[in-house]
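Here the structure is laid out as structure tokens; the discussion comes afterwards.
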Amino acid sequence: MHQTSQSEHATQACIAACSLCHQICLQTAMNHCLETGGKHIKAKHLRLMLNCAEICQTSANFQLTGSHFLHHLHALCAEICEACAAECDEIGGMKDCVVACQQCADSCRQMLSTQH
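Counting along the sequence shown from 1, when you hit position 63 you're at 62 in numbering that gives the first Met the number 0, and nothing is skipped either side.
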């Protein structure tokens with residue numbers, strides 16, 4: 000029974016990390032990046048941020064519904080979040096986004112290690 004509550008806690012933590020990453024990536028892209036201009040509004044960068052926001056929202060939704068596709072989705076979400084964190088870090092000025100993406104990627108990777 001203790002293992003189930005740990006699993007439920009990990010799932011809730013991952014849902015929270017995905018939801019926060021969705022929110023921060025979307026807000027950062029649509030506000031900070033559009034207002035800052037330059038490298039922040041390059042198509043590749045904006046697409047990646049919007050893709051990250053979308054996959055994080057989808058991951059949270061799939062976890063809430065107990066989808067049997069979670070293993071695939073956790074792997075993809077972690078990969079996209081890591082790419083977004085790296086690019087936002089390289090461009091600079093988006094520390095909140097970098098941190099949220101890294102935390103989401105870590106949480107998804109943790110979920111992958113607990114799934115059979």
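Even glycine gets a Cβ: it sits at the ideal position worked out from N, Cα and C.
| Check | Outcome |
| --- | --- |
| Coarse secondary structure for PHE61, derived from DSSP in three states | helix |
| Burial state of THR64, where buried means 16 or more other Cβ atoms lie within 10 Å | exposed |
| First through last residue of the alpha helix (DSSP H) which encompasses MET110 | 94-113 |
| ILE79: first and last residue of the uninterrupted alpha helix (DSSP H) it sits in | 69-90 |
| Helix, strand or coil at LYS38 [DSSP, three-state] | helix |
| Beta-carbon proximity check, CYS51 vs ILE79, cutoff 8 Å | yes |
| Anticipated Cβ contact below 8 Å, CYS76 with LEU47, distance rounded | Contact doesn't hold; Cβ gap of about 13 Å is too wide. |
| Closest Cα partner of THR10 within the set HIS70, GLU89 and LEU49 | HIS70 |
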